[in-house]
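Numbering (my numbering), first residue to last: 95 to 387.
Report on the following structure.
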Ligand code: SF4
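Take a look at the structure:
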């Protein structure tokens with residue numbers, strides 16, 4: 095396969111074909127994100143994508159491609175007509191194609207209607223990864239997410255009203271020690287309001303070259319320590335009232351890998367976090383450097 099620059103995908107898409115439907119991120123201004131700083135956003139042509147799909151069919155075997163992740167950072171911003179063309183090409187080439195998924199920035203969700211999402215879901219794009227990071231209005235502003243909590247909720251509702259499944263990512267520590275507790279509370283209640291099918295918590299890792307890293311270096315943002323991160327995770331879970339969701343807290347950035355089904359495993363997860371908070375030494379694993387994430 096051929097890719098432009100570094101390509102990122104959610105951990106759960108490790109077995110999916112990555113198709114670079116667009117290059118970069120059309121927003122590219124979140125203060126903690128270095129993923130697409132070196133790329134200028136642009137859609138890729140359908141002809142280029144056809145070539146990539148043909149290469150994947152040859153290299154992997156057309157029958158072996160079942161799931162596809164549409165990269166880069168917010169391919170949902172592409173015109174709906176273009177996304178439908180891409181999905182049609184995928185269905186035509188890969189006989190066992192099951193579904194595609196995509197990173198959905200709040201801005202790209204707000205640019206769609208529930209009717210457009212419904213069309214995309216029927217065409218094979220049912221899963222939308224949203225890096226919400228926090229539900230706290232002030233933290234959202236501090237990290238220059240570009241949307242308010244209300245806009246984030248409105249965008250998520252566009253996806254769920256259209257029948258799409260949301261997978262929402264929250265960032266432990268992103269509010270710093272000052273807003274740690276409120277960030278955790280409001281992130282939990284954000285999830286309650288969104289009712290995504292999947293929720294993940296990752297730990298903030300300041301990446302050199304980002305504004306957030308510079309804030310940390312200057313001492314303007316002090317991040318919680320490992321126990322502070324666990325306390326946030328506990329508070330988030332305590333404030334999440336999910337009707338049916340899978341929770342993943344096992345990302346490599348987290349010092350305690352945990353996960354389960356919500357709501358049934360929530361109390362067990364909280365009890366485990368309480369146990370570790372009381373006696374952390376035997377359970378915590380070392381976190382990797384930002385360059386290996
Ligand atoms: S919307 Fe996503 S990919 Fe784009 S800058 Fe923000 S975090 Fe990075």
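For glycine and all other residues, C-beta sits at the position ideal for the given N, C-alpha and C.
Quick caveat: nothing in here was measured; it's all calculated off a predicted structure.
Helix, strand or coil at residue i according to DSSP, with G and I counted as helix
i           : result
residue 358 : coil
residue 244 : helix
residue 208 : helix
residue 346 : coil
residue 196 : strand
residue 59  : In the structure displayed, the chain extends from 95 to 387; residue 59 sits before or after that span and is not available.
residue 272 : coil
residue 145 : helix
residue 114 : strand
residue 128 : coil
residue 226 : strand
residue 133 : coil
residue 364 : helix
residue 385 : Residue placement at residue 385 is flagged as unreliable, the pLDDT there being 46, under the threshold of 50; the coordinate-derived value follows with that caveat. Residue state, collapsed to three classes: helix.
residue 297 : strand
residue 162 : strand
residue 375 : coil
residue 120 : coil
residue 263 : strand
residue 237 : coil
residue 221 : strand
residue 101 : coil
residue 108 : coil
residue 249 : helix
residue 353 : strand
residue 370 : helix
Residue i and residue j closer than 8 Å at C-beta
i           : j           : result
residue 371 : residue 324 : yes
residue 107 : residue 195 : yes
residue 75  : residue 244 : Beyond the ends of the chain as shown, which are 95 and 387, falls residue 75; an answer cannot be given.
residue 128 : residue 267 : no
residue 198 : residue 165 : no
residue 174 : residue 132 : no
residue 220 : residue 167 : no
residue 217 : residue 172 : no
residue 298 : residue 260 : no
residue 274 : residue 208 : no
Contact test: residue i Cβ vs ligand 1 heavy atom, cutoff 7 Å
i           : result
residue 168 : yes
residue 129 : yes
residue 134 : no
residue 333 : no
residue 158 : no
residue 225 : yes
residue 152 : no
residue 392 : Look at the range of the chain in this structure, 95 to 387, and you will see that residue 392 is not part of it.
Identity of the residue in the options nearest residue i by Cα
i           : options            : result
residue 103 : 189, 137, 224, 202 : 224
residue 229 : 197, 260, 287, 215 : 287
residue 113 : 143, 100, 119, 124 : 143
residue 118 : 161, 146, 169      : 169
residue 253 : 231, 239, 298, 200 : 200
residue 262 : 378, 251, 140      : 251
residue 353 : 314, 294, 347, 105 : 294
residue 235 : 126, 334, 316      : 126
Nearest-angstrom beta carbon gap, residue j and residue i [assumed within contact, 8 Å]
i           : j           : result
residue 242 : residue 282 : Their Cβ separation, rounded to whole angstroms, is 18 Å, which puts residue 242 and residue 282 out of contact at 8 Å.
residue 331 : residue 363 : 6 Å
heavy atom of ligand 3 below 7 Å from residue i C-beta
i           : result
residue 119 : Among the ligands in the structure shown, ligand 3 does not appear; only ligand 1 can be found there.
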